[in-house]
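Residue 1 is where the sequence shown starts when you use full-length UniProt numbering, and the numbers rise one by one after that. We treat Cβ as the ideally placed atom computed from N, Cα and C, and that holds for glycine. Being a predicted model, the structure only gives us computed values, none of them experimental. Have a look at the structure below, then the notes.
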Amino acid sequence: FNLLLLTQSETEAKLLTRCQLAKELLRHDFPRSYLSNWVCLVESESGRSTSKSMQLPNQSVSYGLFQINSKNWCRKGRRGGICNIKCEEFLNDEISDDSRCAMQI
1 FNLLLLTQSE TEAKLLTRCQ LAKELLRHDF PRSYLSNWVC LVESESGRST
51 SKSMQLPNQS VSYGLFQINS KNWCRKGRRG GICNIKCEEF LNDEISDDSR
101 CAMQI
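This is the structure in structure tokens:
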């Protein structure tokens with residue numbers, strides 16, 4: 001049972017290297033001229049982990065690579081917020097939705 005749980009977790013979340021992160025950001029149309037800023041932001045916010053979530057003192061939660069906050073940008077358990085997405089979608093290794101929302105912020 002533990003092995004199955006570990007395997008499932010590995011397929012849903014990644015710890016990206018700096019090079020992987022830079023390539024993914026470029027693939028999702030982040031401007032090359034600001035790439036170092038975005039890499040720095042992601043390193044500072046999530047440590048390049050797609051699965052990081054953090055409860056804040058105001059009871060909101062920040063999710064994923066960009067630590068997108070549930071207060072305004074997404075809703076837990078259902079689509080919503082400015083990005084019209086479930087917050088949990090920011091916790092997997094597919095960063096297309098994370099990228100779209102982060103660029104709105």
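Judged by DSSP secondary structure, S49 falls outside any beta strand (DSSP E); it is assigned neither H nor E. For S99, the enclosing alpha helix (DSSP H) stretches over residues S96 to Q104. Here I82 is exposed. Its C-beta has fewer than 16 other C-beta atoms within 10 Å.
The Cβ atoms of K23 and D93 lie no closer than 8 Å to each other. A Cβ-Cβ contact shorter than 8 Å links F90 with Y63. Between N58 and K76, the beta carbon gap of about 14 Å keeps them out of contact (Cβ cut-off 8 Å). In the three-state scheme derived from DSSP, where H, G and I count as helix and E and B as strand, K23 is classed as helix. Straight across, the Cα-Cα distance linking G80 with S60 is about 14 Å.
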